[in-house]
Every structure is written in C-alpha cells, then in structure tokens.
Amino acid sequence: MKILTINCGSSSIKYKLYDFPTGKLLSKGIIERIGEENSTISSHTEGMQKVFSSLMESKVLENLDEIKAIGHRVVHGGEKFRYPQIINPEVMTMIEECAKLAPLHNPANLEGIKAVTSTLPKVKQVAVFDTAFHQTIPDYAYLYALPLEYYDKYRIRRYGFHGTSHQYVAIQASKILRKPLSKLKLITCHLGNGCSITAIDRGRSIDTSMGFTPLEGLIMGTRCGDIDVASVLYLMEKENLSIPCVDEILNKKSGLLGISRISNDVRVLKEEIKKGNKQARLALDMFIYRIKKYIGAYYFILGGVDAICFTAGIGENNPDIIRKISKSICKVSSKTKILVIPTDEEYIIASLTYRIVKREN
Ligand code: ADP
C-alpha cells in the first residue's frame, strides 16, 4: 500500500512516499516559495499538483490511484485529538478551531488538506497531530498556575509539540534496548532549530518542555525558552514595545542568536568558539546548561531513567555537545544509557496513517 505524507508550511510542501507494510521510502521532495513574488506556483493547490506530477514523472507511480492514503502533519490538535484522525468535515472544523492556538501553522496545514481534496477527492486523508502524544500529561503538569478561569475560557495550558518525533525516538529506543516501551523510562531530547525535551513513562508522555506555544522550555536557535514573564512586561514598558514586536524578539531574535549576536546555527557558533569568541561560547554554555537542568528535573519525576535519547539537527550531529551533557548524567547514574537516534517524523506519520487506514478497511 502506498502512503504519501504531507508537511505543509505557509509557503512550502514537503512530501515523502512510502510503501507499507515494508515501510520503504520510495520518493521525497519539497515544493518551495508557494505564493511568493516571482514564483511560478501561486497556491497550495498548484503546489500539490506539482507534487503529484513529480511522482508520476519520476515513474515511482504509474497512476495516482496507487496512493491509498495521505497523512498530513497538523501542528495543533488542541485537547480534542489524542490520536490521528481520518479527515472529514467535522475534523476540518476542529483543526480550524485550533488555528487560534497555532495561527502560523494550522491554516497552512488546512491549505494542504484542501489542496489534496480538490486534486484527489477520493483518497483517504489522515491528520497526525504534533500535540497528540502529549495529551497523556496529567493536569498538575499541564496547567499553569493562573486563575483557573483562563483555562476554562481560553484553554491556556501546556500542549507540547514535536510529539511525533518524541514518539518515534521512544519506539526506536525500545528496539535498540530490546525492551518493550511498557518497561522503559525515557527522556527524549529533540534538539533542532526548535528544541524540546520530554519525560516518557512506559510509552506515555508525562511532561514536556514546550508549553502553550513552542516558545517555552529550552533555549533554541532564535527562541528564548523559559523566562520570567515579569521581565517581558518590564521590557515592553521600558522600550514601548507592541505585542507583535515583543513576539518577534522572543521568537525570532533570542536564543542562541540573541546571546551570540552571530547566528542561530550551532555549526557557526562552534567555528567562532575556535576563534575565541566569548559570546558564542556563552550562548552554547547556556544552551547546554538549560538542557541539563531539564534532564535533572525529568530524571527526578520519572524516578530514574533507562535512557536519554538525543535527536534532530543538533542532537544527531554534535557528539561534543552530547558528551558534555552526558558527563553530568554519568556522575548521577552509570546505568542510564545515552542514545543518539535520527528522528523521522514523516515515517511515523506514514505508519500511523497506514495503521488507521488498514483498521478501517
Ligand atoms: P529544524 O528544527 O528546522 O528541522 P534541524 O533539526 O535541521 O532544524 O536542526 C538545525 C540545527 O542543527 C542547527 O543549529 C544546525 O547547526 C544543527 N546541525 C544540522 N546539521 C548539522 C551538522 N552536520 N553538524 C552540526 N550541526 C548541525
């Protein structure tokens, strides 16, 4: 059975075609600059048509009917979705509802779904949510200590993100350790441009560092992570900043970029450190320190950990950084394994889609 995954951004469509049950990757690609000035692709529907024609031209498909289902990455599923969903009008409405919580992502994800519907109206589509894996987090960990009415009114709470990546890495860890997930306590660290860390108790997420939005938690490429909210109010007052301005500072100008004043890219920072750049050193030291702090907290709430897993761009490619973090862990527990596991969010989206479609047939 051929399964296509779609990850639709505001101006891009990333796709991968798999064969199941083998799980073999048959083709992948990206359509960029959708709707931008001087671009030949004016809409997501046109972009999707390009995806399908590329698959046909490269001869991986003889006929579009061979695609039995399409799995979409959808960033926010709110509290409604704990599991992947077959897309129908009701699910579409709920994804639209959740766009209030993820205004940059959900509308683009919906565009992708609509674009498929207009091109291949009969194919089964499945939504796989970034937030779903974290829906097992208990209330004492997902609530913020604000007056409860704001949760009741606006659903302000921790949702967590990168769920498919944390879930994939946990499954891989269980294979590597040759132990069922139901017998494992894991900490998974997704360290890419966005960074998050999750405590996984017997296969269930029990806490994660990203919160109501992806801003909370670890220091990231351009996001500040945890911060005293009062300092933001103070800054707004002192610099007379509007909400969009402060949003841009916290999400786009902070983190590794903000501290180093050079780059959000760890590779660039490491080169600068070699040349003796103190700000680059400080940025990386802060980044590592915050990760250790979270690992310590999660180690304690889990009551010991079988393995700490690192993934994504930084986690997979920087043994020196992993070694620094691991050194502290080894001092506390010689039994905890350190694993580097390449993430594959599309693979898990495809396999969850396959599972749900197979069950339906
Ligand atoms: P995204 O979250 O956008 O998917 P990635 O997972 O690709 O991002 O992670 C981007 C980060 O990974 C950057 O800080 C970059 O420095 C780092 N990175 C990616 N590839 C390498 C590499 N080969 N060596 C060192 N760092 C890398």
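Just so you know, we're using numbering that gives the first Met the number 0 here: the sequence shown kicks off at 0 and counts up by one. We put the beta carbon where it would ideally sit given N, CA and C, even for glycine.
Cα-Cα separation between residue i and residue j, rounded to whole angstroms
i	j	result
residue 124	residue 64	13 Å
residue 246	residue 319	32 Å
residue 68	residue 355	10 Å
residue 26	residue 20	16 Å
residue 52	residue 95	29 Å
residue 79	residue 93	8 Å
residue 266	residue 89	45 Å
residue 316	residue 196	17 Å
residue 182	residue 114	42 Å
residue 264	residue 121	43 Å
residue 189	residue 358	30 Å
residue 29	residue 37	18 Å
residue 2	residue 149	41 Å
Own chain residues within Cβ distance below 7 Å of residue i, not counting five before or after
i	result
residue 82	131
residue 107	7, 8 and 9
residue 166	132 and 347
residue 287	320, 323 and 324
Neighbourhood of residue i by C-beta, 6 Å cutoff - its chain only, sequence neighbours within 5 removed
i	result
residue 327	291
residue 345	4 and 15
residue 60	54
residue 293	196 and 208
residue 109	94
residue 70	4, 125, 127, 348, 349 and 352
Residue interval of the alpha helix (DSSP H) (run including residue i)
i	result
residue 212	Segment: none, residue 212 is in no alpha helix (DSSP H) and carries neither H nor E.
residue 293	277 to 301
residue 43	43 to 56
residue 230	228 to 238
residue 181	Neither: residue 181 is in no alpha helix (DSSP H) and is coded neither H nor E.
residue 336	Unbroken run through residue 336 is the beta strand (DSSP E), 336 to 339; no alpha helix (DSSP H).
C-beta neighbour in chain D for residue i, strict 8 Å
i	result
residue 203	No chain D appears in the structure shown, which is made up of a single protein chain.
Endpoints, the beta strand (DSSP E) within which residue i is located
i	result
residue 7	1 to 7
residue 15	12 to 18
residue 326	No beta strand (DSSP E) holds residue 326; the alpha helix (DSSP H) holding it covers 318 to 331.
residue 72	66 to 73
residue 124	123 to 128
residue 194	194 to 200
residue 306	306 to 310
residue 188	184 to 190
residue 23	23 to 30
Residues near residue i by beta carbon distance below 8 Å, same chain, minus five either side
i	result
residue 23	17
residue 39	none
Heavy atoms of the ligand ADP versus C-beta positions, residues under 6 Å:
191, 192, 193, 220, 264, 265, 266, 311, 312, 313, 316 and 317
Counting Cβ pairs closer than 8 Å, one from the segment 38 to 55 and one from the segment 10 to 19, do we hit at least three?
Yes, since at least three Cβ pairs between the segment 38 to 55 and the segment 10 to 19 fall closer than 8 Å, the two stretches touch.
Are the segment 247 to 262 and the segment 208 to 222 touching by the rule of at least three beta carbon pairs closer than 8 Å?
yes
Under 8 Å: do the segment 201 to 219 and the segment 296 to 316 share three or more Cβ pairs, one atom per stretch?
yes
Sufficient close CB pairs (3 or more, under 8 Å) joining the segment 141 to 152 to the segment 161 to 179:
They do not touch, by the three-pair rule.
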